[in-house]
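Q: Sending over a structure as structure tokens; questions will come in a sec.
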Amino acid sequence: MNEWLDPLLLSRWQFGLTTIYHFLFVPLTIGMALTVAIFQTAWVRTDKAKYLQLTHFFGKIFLINFAMGVVTGIVQEFQFGMNWSDYSRFVGDVFGAPLAFEGITAFFLEATFIGLWIFGWDKLPKKIHLATIWLTVIGSITSAYFILAANAFMQNPVAFEMNAEKGRAELTSIGELLTNPIVLASFPHTIFACFMVSAGLIISVAAWHLARNQHFETMRPALKFGMWMMIIAGILTTVSGDQLSLIMTEVQPMKMASAEAMYVTATGANASFSIFTLGTPDGVSELFSVRIPYLLSFLSTHTMDGTVEGINNLQAQYVDVYGPGDYTPTIWITYWSFRWMIGLGLAHMLVAIAGLFFTRKNAAKPARPWMWKVAIWSFPMSLLAMSVGWTFTEMGRQPWIVFGLMRTEDGISPGVTGLEILISLIVFTLLYGILAVVEFKLILKAVQKGPDDAPVHDAESGVAKQAVTVY
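Residues in the sequence shown are numbered from 33 upward in steps of one, following our numbering.
Put into structure tokens, the structure is as follows:
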């Protein structure tokens, strides 16, 4: 029983629950904001009713998701004071700076202009109203940058000095913090992945309606848009992911070695990419694997004869530097989450490519019913890919909460008992379960209803007369 009341274990479970749950809404909010802005821009430029209908339709989904993301995000921030007070005290001067910037600049920008967008349909000129949604997009993307900058400090601590008297890290340069090599690489990778999630939703929704032969005039262009967005964003995600892996190999070689289940340092042909690996129960050696020679060397160093450090070698190095302890993450989680991230990402890119082929104008045969069913899975696949990617990022850093500075076990709140954390964990789980049902039903209702009839608008003033009733 005492094991189940371990404050460290329960605190990690609770933070994992709140983080993953909140992160379900973040990529969709960022991606859908851009989607809505693009459709509204198309309407402003062409004055075609179908683009206005798509703006309102996906705007509803965007607003539902945004509201739920705000609620879960507030709870997320409470975690630092509830269960991780020693961590907050140790790095609060550094970690809190980008979060403060996010709150007083990016989030306020996003929240202000999303309000103007919602209530300005019948009050603002067309182009000014369009500017409000683009400013919302800028706010959401900027918000992501500041949050990723804070996370990048946990992955690669920079721009600080230790105050021995107070026993904490103190910020020395906000510019250096915001230009951490990790955030410069992880930001584009994350944003492009967010666009893939949004594209997955568009494909799923459009495929659902087209499979039922309804809303053809709006859903067919939406499907095309979603598939092209998936392919373009997928390519950019892959390229930016390659750059991120190069930097991660430099600053967190243990994470990348664990991602490949590479136990022994290897060079050239021996530095092979693992398609499938089985290791011993204690995670110190390999039992069986299927590998591609040279590929891991190329991916890690962009050379065919590059050296890739292994888990066992790095463990020995870390013991020399940081003292006795186990510095390996949970190998099976990092290994499989890395592969699920890549595999799912490639899978729904292939769905988009196949979709463009089978729905082209001169296709010999119409799309089969099973093809629509496959396309409908685009959104779950993209959302799962994003979630396991974030799991890999955070779990691969363990046992560090701030790499090289503070272990996770040293960051928990000393005065909180396991029973108290267990109670809050149960409450959060139940609350989030209820919110999940509400979110799912609201979005499902909006999706099944489909786009409304095109609002009547004044061509001279650009005011959409019925748009105010949409929300």
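Where a beta carbon is used, it is the ideal one built from N, C-alpha and C, also for glycine.
Quick check: what's the CA-CA separation for A417 versus L86?
A: The residue labelled residue 417 in the question sits at position 385 within the sequence shown. The residue labelled residue 86 in the question sits at position 54 within the sequence shown. Their Cα atoms are separated by approximately 26 Å.
Q: Using CA coordinates, which residue listed in S410, V406, A74 and I165 is at the minimum distance from T250?
A: Position 218 of the sequence shown, counted from the start, is the residue given in the question as residue 250. When only C-alpha atoms are compared, the closest one is A74.
Q: Assuming F192 and V126 make a contact with CB atoms under 8 Å, what is their CB distance in whole Å?
A: Numbered from 1 along the sequence shown, position 160 holds the residue referred to as residue 192. Numbered from 1 along the sequence shown, position 94 holds the residue referred to as residue 126. Confirmed, about 5 Å.
Q: Which partner residues does F192 have in the DSSP bridge list?
A: Working through the sequence shown from its first residue, we reach residue 192 at position 160. Per DSSP, L203.
Q: Can you grab the Cα-Cα spacing for the pair K473 / M288, in whole Å?
A: Here residue 473 is taken as the residue at index 441 of the sequence shown, counted from 1. Here residue 288 is taken as the residue at index 256 of the sequence shown, counted from 1. C-alpha separation (whole angstroms): 39 Å.
Q: Report all residues from its chain with a CB closer than 7 Å to the CB of M194; omit the five preceding and five following residues, and keep chain order.
A: Here residue 194 refers to the residue found at position 162 when the sequence shown is read from its first residue. Counting only Cβ-Cβ distances below 7 Å, and skipping sequence neighbours, we find A201.
Q: What's the gap between the Cα of D252 and the Cα of G482?
A: Here residue 252 refers to the residue found at position 220 when the sequence shown is read from its first residue. Here residue 482 refers to the residue found at position 450 when the sequence shown is read from its first residue. The question names Asp, yet the displayed sequence has Arg at residue 252. Each residue's alpha carbon lies about 13 Å from the other.
Q: Less than 8 Å between the CB atoms is what I'm expecting for R44 and T440, so what's the real figure, rounded?
A: Looking up residue 44 in the sequence shown gives position 12. Looking up residue 440 in the sequence shown gives position 408. About 7 Å separates the two Cβ atoms, so the contact holds.
Q: So, do the segment 385 to 394 and the segment 203 to 219 have three or more beta carbon pairs nearer to each other than 8 Å?
A: The segment 385 to 394 is not in contact with the segment 203 to 219.
Q: Say whether chain C places a C-beta atom closer than 8 Å to the C-beta of M373.
A: Judged by its chain identifiers, the structure shown contains no chain C, having just a single protein chain.
Q: On the premise that L42 lies in contact with G450, defined as a C-beta separation below 8 Å, what is that separation, rounded to the nearest angstrom?
A: Position 418 of the sequence shown, counted from the first residue, corresponds to residue 450. Position 10 of the sequence shown, counted from the first residue, corresponds to residue 42. Indeed, because the Cβ distance is near 6 Å, the residues count as touching under 8 Å.
Q: Can you have a look at P401 and say buried or exposed, based on whether 16 or more other CB atoms are within 10 angstroms of its CB?
A: On the sequence shown, residue 401 is found 369 positions in, with the first residue counted as 1. That one is exposed.
Q: Which residues share a DSSP beta bridge with M438?
A: In the sequence shown, the residue the question calls residue 438 occupies position 406. Beta bridge pairing from DSSP links M438 with V434.
Q: Could you tell me the alpha carbon to alpha carbon distance between S414 and L476, rounded to whole angstroms?
A: Indexing the sequence shown from 1 puts residue 414 at position 382. Indexing the sequence shown from 1 puts residue 476 at position 444. Cα-Cα distance, rounded: 18 Å.
Q: Between the segment 62 to 72 and the segment 165 to 178, are three or more C-beta pairs nearer than 8 Å?
A: yes
Q: From F390 to G266, what distance separates their C-alpha atoms?
A: Residue mapping note: residue 390 aligns to position 358 of the sequence shown, counting from 1. Residue mapping note: residue 266 aligns to position 234 of the sequence shown, counting from 1. Computed Cα separation, rounded: 20 Å.
Q: Let me know if L462 comes out buried or exposed under the rule of 16 or more other beta-carbons within 10 Å of its beta-carbon.
A: To locate residue 462, count along the sequence shown from 1; it is residue 430. It counts as exposed.
Q: Ends of the alpha helix (DSSP H) at W422?
A: Working through the sequence shown from its first residue, we reach residue 422 at position 390. That run of the alpha helix (DSSP H) goes S410 to M427.
Q: Consult DSSP for T51 and reduce its assignment to one of helix, strand or coil.
A: The residue labelled residue 51 in the question sits at position 19 within the sequence shown. Reduced to three states, the DSSP call for T51 is helix.
Q: Please specify which runs of the beta strand (DSSP E), each continuous and at least 3 residues long, are wholly inside the segment 193 to 277, giving them in chain order.
A: 200 to 203
Q: By a C-beta neighbour count over all protein chains shown, 10 Å radius and 16 as the cutoff for buried, is A239 buried or exposed?
A: Working through the sequence shown from its first residue, we reach residue 239 at position 207. Label assigned to A239: buried.
Q: Going by CA-CA distance only, name the one from V58, L141, L276 and F370 that's closest to M100.
A: Against the sequence shown, residue 100 aligns to sequence position 68. Cα-wise, what sits closest to M100 is V58.
Q: In the structure shown, what three-state DSSP assignment does A298 receive?
A: Taking the sequence shown and counting its residues from 1, the one referred to as residue 298 is at position 266. A298 falls in the strand class under three-state DSSP.
Q: Just tell me which of F89, T360, E282 and F227 has its CA closest to the CA of N188.
A: Your numbering for residue 188 matches position 156 in the sequence shown. Of the listed residues, the one whose Cα sits closest to N188 is E282.
Q: Going by beta-carbon coordinates alone, are T516 and L148 separated by less than 8 Å?
A: Because the chain here runs from 33 to 503, residue 516 falls outside it and cannot be looked at.
Q: Looking at K92 and A569, is the spacing between their C-beta atoms short of 8 Å?
A: The shown model of the chain, from 33 to 503, leaves out residue 569, and the question about it has no answer.
Q: Apart from the five residues on each side of it in sequence, which residues of its chain come closer than 6 Å, Cβ to Cβ, to Y177?
A: Within the sequence shown, the letter at position 145 stands for residue 177. Excluding residues within five positions, the ones whose Cβ falls inside 6 Å are F219.
Q: Using a Cβ-Cβ cut-off of 7 Å (strictly less than) and excluding sequence neighbours within five positions of T168, which residues of its own chain qualify?
A: Your numbering for residue 168 matches position 136 in the sequence shown. Hits under 7 Å: A65, E142, F145, I146 and W149.
Q: Using the Cβ count rule (16 or more neighbours within 10 Å means buried), how would you classify Q46?
A: Numbered from 1 along the sequence shown, position 14 holds the residue referred to as residue 46. Looking at its Cβ environment, which holds 16 or more other Cβ atoms inside 10 Å, Q46 is buried.
Q: By DSSP, does T360 sit in helix, in strand, or in coil?
A: For the purposes of this step, residue 360 is taken as the residue at position 328 of the sequence shown. Coil, per DSSP.
Q: On the DSSP letters alone, give me the boundaries of the alpha helix (DSSP H) that I1 sits inside.
A: It is not possible to answer for residue 1, since the shown part of the chain is limited to 33 through 503.
Q: If I measure Cβ to Cβ from C226 and keep anything under 7 Å in the same chain, skipping five residues before and after, which residues do I get?
A: In the sequence shown, the residue the question calls residue 226 occupies position 194. These residues qualify, in order along the chain: P59, I62 and G63.
Q: Would you report the Cα separation of E426 and F370, rounded to the nearest angstrom?
A: The residue labelled residue 426 in the question sits at position 394 within the sequence shown. The residue labelled residue 370 in the question sits at position 338 within the sequence shown. Going from the Cα of E426 to the Cα of F370 covers about 12 Å.
Q: Buried or exposed for F411, going by 16 or more other Cβ atoms inside 10 Å?
A: As a first step, residue 411 must be located in the sequence shown, where it is residue number 379. The residue is buried, with at least 16 neighbouring Cβ atoms inside 10 Å.
Q: Hey, how far is the Cα of N245 from the Cα of I264?
A: The residue given as residue 245 occupies position 213 in the sequence shown. The residue given as residue 264 occupies position 232 in the sequence shown. Each residue's Cα considered, the two are about 27 Å apart.
Q: Would you kindly check if the distance between the Cβ of V215 and the Cβ of L180 is under 8 Å?
A: Start at 1 with the first residue of the sequence shown, and residue 180 comes out as number 148. Start at 1 with the first residue of the sequence shown, and residue 215 comes out as number 183. Going by C-beta atoms, L180 is nearer than 8 Å to V215.
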